[in-house]
Amino acid sequence: MLDTWYEAAGVRNQIRRMLTEDRELGLVPFPEHLTPFLDHRHVKELGPQARQVLLTRQLYQYMLFTVNLETRVVNRGMLLVSEDREAGRGIRQDALKIYIDEGYHALYSMDVLHQIEESSGVTALPYHFAPRLRRLDEVAGHFLAQQRELAHVLQVAAFETMVTSLLLEIPRDRGVYHLVREVVGDHARDEAQHHAFFVRYFRELWTHLPTSIRPAVARAMPHFIDACVRPDLAPIRESLAAVGLSAMDVEEVIADSYPEAVLRDTVRTAGRHTLKLCESVGAFDLPGARDELHRLGLADG
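Right under this line is the structure:
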């Protein structure tokens, strides 16, 4: 499936991306229109310097999310696929190619963070991925307690078939640091290949799943999608507090900027391709599956 990997993969042919005079050119580290809280009155009152710090830390959070996602979730699943003797030789080799890609994505995400930290003087706050990992594994424990390895692979299938606004929009945003646009663009090109791999892999996996397990998988997938992509508000709270907002003001900013309807729309939009993939194999026609879609606000209409 990844037949051109040796020639096309970023880890095989890309140079190290370096920060230039992006800040001096008036560019921003992260898209303002993808940072909902920036226009809140409490944030505006902090002034332009705090705004720059918040945008910089929003980038850091995205980069640290990528580092943790790739190394702690995706590569956990890719190792399992690579060790699956029932999978074809090509699939097992492709799994290791993706494993290498994801490690490289983690490396250059951390490199970007370090370069901008050094240049800007804005330090990254501690980042905690454990709550998201716990949510993913709680879904696994609830629906697939006896199939944990399968659950880990399905988590990866959910992540790798989603299309987030960040991967799509950052490379096209001319107001964002060149370094950030280039690195996210590099990432997006690799992920397009991974997406295609997992669409085919998921369909093949589904075909070989015992019929007794399929309903549990179908009920779990909407929850994996939600746990994968639902915005993590804890780092945003910490970032807002770090620039001087009171606890009460922080909660007001969060409530106004991230209402549940907006969070659900974010999940539904990013997960639309994964939902269609599950629909295409008949997963949501199985008992209880559509109930889970409605429970999470992911059903059509």
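In the working numbering, the protein residues as written are 81 to 381. Beta carbons: idealized from backbone N, C-alpha and C, even for Gly.
Out of the options, state which residue places its alpha-carbon closest to the alpha-carbon of residue i.
| i | options | result |
| --- | --- | --- |
| L297 | A237, P311, T346, G265 | It should be pointed out that residue 297 corresponds to Val in this sequence rather than to Leu. Of the listed residues, the one whose Cα sits closest to V297 is A237. |
| H113 | S337, A272, E163, R344 | S337 |
| D181 | Q273, Q235, I196 | Q273 |
| M301 | L118, A363, I334, Q129 | A363 |
| L134 | I250, T115, D312 | T115 |
| H275 | V154, R121, E166 | V154 |
| G106 | L376, H374, R254 | R254 |
| L118 | Y281, V333, H374, I171 | V333 |
| P111 | P290, H122, Q138 | Q138 |
| G265 | H185, R214, R370 | H185 |
| H120 | P367, A335, L355 | A335 |
| A307 | T291, D365, E331, Q235 | Q235 |
| L355 | G377, R261, P339, A88 | G377 |
| D329 | L176, R317, E150 | R317 |
| F278 | I171, L224, R97 | I171 |
| G90 | R375, H374, G183, L366 | G183 |
| E163 | E229, A341, L193 | E229 |
| A327 | Q94, R165, H122, E340 | H122 |
| D312 | R215, T291, E359, I293 | R215 |
Once the 5 residues before and after residue i are set aside, which same chain residues still bring their CB inside 8 Å of it?
| i | result |
| --- | --- |
| A314 | H208, P211 |
| Y248 | Rather than Tyr, the amino acid found at residue 248 in this sequence is Leu. Correct list, in chain order: A268. |
| E271 | E240, L247 |
| V233 | G157, L160, V161, L285 |
| R310 | L343, T346, V347 |
| R280 | M81 |
| T136 | P109, F110, I196, S200, V202 |
| R370 | F364, A379 |
| T151 | E182, G183, A186 |
What residue does the alpha helix (DSSP H) around residue i start on, and which one ends it?
| i | result |
| --- | --- |
| S162 | 155-162 |
| R252 | That residue, R252, is in no alpha helix (DSSP H); it is neither H nor E in DSSP. |
| D329 | 327-337 |
| I305 | 294-309 |
| R172 | 169-200 |
| G351 | First-last for G351: undefined, no H or E at that position. |
| M143 | 128-148 |
| D270 | 258-288 |
| V233 | 228-241 |
| H222 | 210-223 |
| Y207 | Where Y207 is concerned, there is no enclosing alpha helix (DSSP H), given that its DSSP letter is neither H nor E. |
| P315 | 314-322 |
| H374 | 369-375 |
| H122 | 121-124 |
| V91 | 90-93 |
Please list, in chain order, all residues of the same chain as residue i whose beta carbon is under 7 Å from its beta carbon, the five residues on each side excluded.
| i | result |
| --- | --- |
| V243 | A350, H353 |
| D102 | Y257, H258, L259 |
| E372 | R299, P302, H303 |
| Y86 | R92 |
| V361 | R283, W286 |
| E331 | none |
| E262 | R97 |
| L357 | T241, V279, F282 |
| L289 | V297 |
| I250 | P111, V256, V260, R261, V264 |
Give every residue of the same chain whose Cβ lies closer than 6 Å to the Cβ of residue i, excluding the five residues on either side of it in the sequence, and list them in chain order.
| i | result |
| --- | --- |
| Q141 | P315 |
| L99 | Q195, S199, L259 |
| R131 | none |
| Q231 | One detail in the question is off: residue 231 reads as Ala in this sequence, not Gln. Closer than 6 Å at Cβ, skipping near neighbours: A220, L224. |
| P295 | L366, P367 |
| Q173 | none |
So does residue i have its beta carbon nearer than 7 Å to some heavy atom of the ligand COA?
| i | result |
| --- | --- |
| L205 | What this structure holds is no ligand at all, so the ligand COA is not there to describe. |
* Is the segment 142-152 close to the segment 178-191, with three or more CB pairs under 8 Å? -> Verdict: yes, contact present.
* Asked: Would you call the segment 190-204 and the segment 219-226 in contact, with 3 or more CB pairs under 8 Å?
  -> Using a Cβ-Cβ distance cut-off of 8 Å, the segment 190-204 and the segment 219-226 are not in contact, since fewer than three pairs of beta carbons, one from each stretch, lie closer than that value.
* **Three-pair Cβ contact test at 8 Å for the segment 118-129 versus the segment 319-335** => These segments touch.
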